[in-house]
Amino acid sequence: MAYPSRTEIVTAFKNPQVCYKAVELIGGNIYYNKINVIQYAGGYTTVFPFKDKTGKKVAVRCWCADIGDAQKRSSAISDYLSREINQYFVTFKYVENAILIKGELQPIIIMDWVEGKPLKEYLSDNCDSKTFYAIAEKFKMMVADFHKREIAHGDLQHGNILVKSDGTLVVVDYDSMYIDNLKGMYDVIKGLPGYQHPARVQNQYVQPNLDYFSELVIYLSLLIFAENPKLWLNYCDAEDLLFSKDDFSNIKQSTIYKQFQKSSNSAIANLLKKLEEELAKSDIQQLLPLEDLLIDKLQKSFDDINNKWGNQPNPPQPRVFKIPEVKSITDKF
1 MAYPSRTEIV TAFKNPQVCY KAVELIGGNI YYNKINVIQY AGGYTTVFPF KDKTGKKVAV
61 RCWCADIGDA QKRSSAISDY LSREINQYFV TFKYVENAIL IKGELQPIII MDWVEGKPLK
121 EYLSDNCDSK TFYAIAEKFK MMVADFHKRE IAHGDLQHGN ILVKSDGTLV VVDYDSMYID
181 NLKGMYDVIK GLPGYQHPAR VQNQYVQPNL DYFSELVIYL SLLIFAENPK LWLNYCDAED
241 LLFSKDDFSN IKQSTIYKQF QKSSNSAIAN LLKKLEEELA KSDIQQLLPL EDLLIDKLQK
301 SFDDINNKWG NQPNPPQPRV FKIPEVKSIT DKF
């Protein structure tokens with residue numbers, strides 16, 4: 001399949017009478033500003049805000065490059081999201097033979113339009129400790145939900161996480177997503193280096209743990225910014241959130257690591273140590289999900305004993321003190 005250029009895609013969308021072939025497009029129109037078509041470059045796709053024939057605003061995506069069996073990936077994800085109710089994803093519909101571009105019919109994706117801001121833009125508009133902590137807590141809940149469902153977004157980063165006006169999170173761009181029906185598909189889109197484990201480049205297939213490292217990076221970064229909101233001014237315009245791929249190549253020499261490894265916030269100090277441990281692993285299949293990294297080793301020993309001896313009448317008692325309850329990080333506010 002030949003993929004059109006972004007210019008060819010825009011030209012086709014500006015000519016609805018000739019190029020629109022899918023019923024979902026016919027009768028609708030793209031949006032214009034005062035000068036040009038409103039469009040967004042989304043990695044391997046071009047995205048348009050689009051008003052359908054009913055007047056509903058949606059997002060329409062068209063591929064400009066090969067992501068490896070896009071039809072199978074998108075059809076499976078479309079079917080999955082039509083069955084599963086998930087507050088963190090939007091309606092996602094794959095439409096084949098939807099638009100005529102340079103004499104060839106091309107598929108599209110139609111998604112609900114999310115009225116929200118990309119993560120970094122939202123944080124720049126609400127740059128205070130309470131907001132950073134609140135988003136960190138919501139992010140933790142979101143990825144825990146992914147783990148429960150055994151799915152992965154595959155490219156968690158600031159541009160793919162939107163924050164709605166009420167503070168709820170939504171993820172977009174599902175080209176690198178993992179669901180059970182995509183087991184065995186190649187891991188083509190590796191994500192932004194500032195969010196990914198260095199071993200991701202060698203990973204061959206999509207799998208449930210694609211997000212594990214980026215979860216740690218994002219959550220830890222939010223905690224650091226929450227404790228040091230003025231630090232945000234140094235990173236709000238950066239390509240990454242806080243850490244970079246150079247930090248991951250030698251974490252102990254990282255400025256961020258040196259600055260916060262002895263943080264008075266034990267959660268930050270502990271997670272920096274976890275980051276160091278995760279970076280020492282040579283395969284992303286060895287990585288741990290965020291909730292496991294947040295479990296104290298002493299608490300884990302209790303859980304292991306309970307799992308082993310829970311059904312026996314007189315299980316051995318651990319020779320340790322009781323662990324105090326850990327409250328939500330947002331309780332301090």
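In terms of my numbering, the sequence shown opens at residue 1 and continues consecutively.
Ideal Cβ placement from N, Cα and C applies to all residues, glycine included.
Note that the structure is predicted; figures quoted are calculated from it, not measured.
DSSP-derived helix/strand/coil call for residue i
| i | result |
| --- | --- |
| Ala2 | coil |
| Ile251 | helix |
| Thr347 | Residue 347 is absent from the model: the chain starts at 1 and stops at 333. |
| Gln202 | helix |
| Glu24 | coil |
| Asn29 | strand |
| Tyr235 | coil |
| Val172 | coil |
| Tyr186 | strand |
| Val37 | strand |
| Tyr219 | helix |
| Gly335 | With the chain covering only 1 through 333, there is no way to say anything about residue 335. |
| Lys281 | coil |
| Pro16 | helix |
| Thr54 | coil |
| Phe138 | According to the sequence shown, residue 138 is Lys rather than Phe. Here Lys138 sits in helix by DSSP. |
| Gln261 | coil |
| Ile368 | Within the shown structure, residues of the chain are numbered from 1 to 333, placing residue 368 beyond reach of any answer. |
| Gln71 | helix |
Outcome for residue i when other beta-carbon atoms lying within 10 angstroms are tallied against a minimum of 16
| i | result |
| --- | --- |
| Asp66 | exposed |
| Gln157 | buried |
| Ala280 | exposed |
| Glu278 | buried |
| Asn234 | exposed |
| Ile295 | exposed |
| Arg73 | buried |
| Met141 | exposed |
| Gln286 | exposed |
| Ser176 | buried |
| Val18 | exposed |
| Tyr32 | exposed |
| Asn250 | exposed |
| Asp247 | buried |
| Thr131 | buried |
Close-in-space but distant-in-sequence residues of the same chain around residue i (CB under 7 Å, 5 per side omitted)
| i | result |
| --- | --- |
| Lys21 | Asn97, Ala98, Ile99, Leu100 and Leu105 |
| Phe92 | Ile77, Ser78, Leu81, Ile109, Met111 and Tyr174 |
| Val335 | With the chain covering only 1 through 333, there is no way to say anything about residue 335. |
| Pro336 | What the structure shows of the chain is the stretch from 1 to 333, and residue 336 is not part of that stretch, so it cannot be assessed. |
Per DSSP, the bridge partner or partners of residue i
| i | result |
| --- | --- |
| Arg61 | Val47 and Ile109 |
| Tyr178 | Ala152 |
| Leu100 | Leu105 |
| Gly116 | Lys164 |
| Val95 | Ile108 |
Residues of its chain near residue i, where Cβ-Cβ distance is below 8 Å and the 5 sequence neighbours each way are ignored
| i | result |
| --- | --- |
| Glu239 | Leu192 and Gly194 |
| Ala269 | Phe260, Gln261, Lys262 and Ser263 |
| Val10 | Val37, Gln39 and Thr46 |
| Tyr88 | Met142, Asp145, Phe146, Leu169, Val170 and Val171 |
| Gln204 | Tyr186 and Asp187 |
| Phe213 | Tyr195, Gln196, His197, Arg200, Glu278, Ile284 and Leu287 |
| Ala136 | Tyr219, Leu222, Leu223, Ala226 and Ile329 |
Residues near residue i in its chain [Cβ-Cβ closer than 6 Å; skip 5 each side]
| i | result |
| --- | --- |
| Tyr40 | Val47 |
| Asn265 | Glu227 |
| Ala152 | Tyr178, Pro208, Leu210 and Asp211 |
| Ser301 | Residue confidence is low: Ser301 scores 40 on pLDDT, short of 50, so the model does not pin down where it sits. No coordinate-derived value is stated. |
| Val6 | The identity of residue 6 in the sequence shown is Arg, whereas the question assumes Val. Cβ neighbours of Arg6 beyond the five flanking positions: Thr46 and Cys64. |
| Lys258 | none |
Below-7 Å beta-carbon distance, residue i vs any chain C residue
| i | result |
| --- | --- |
| Asp283 | In the structure shown, chain C does not exist; there is a single protein chain. |
**Asked** Is the stretch 105 to 116 in contact with the stretch 40 to 58, if contact means three or more CB pairs nearer than 8 Å?
**Response** yes
- prompt: Within the chosen definition, does the stretch 214 to 231 reach the stretch 189 to 198 through at least 3 CB pairs nearer than 8 Å?
  reply: yes
Quiz prompt | Sufficient close CB pairs (3 or more, under 8 Å) joining the stretch 114 to 122 to the stretch 25 to 34 | solution = no
- Message: Whether or not the stretch 178 to 189 and the stretch 125 to 142 are in contact is what I'm after, with contact meaning three or more pairs of Cβ atoms, one per stretch, closer than 8 Å; do they touch?
- Response: no
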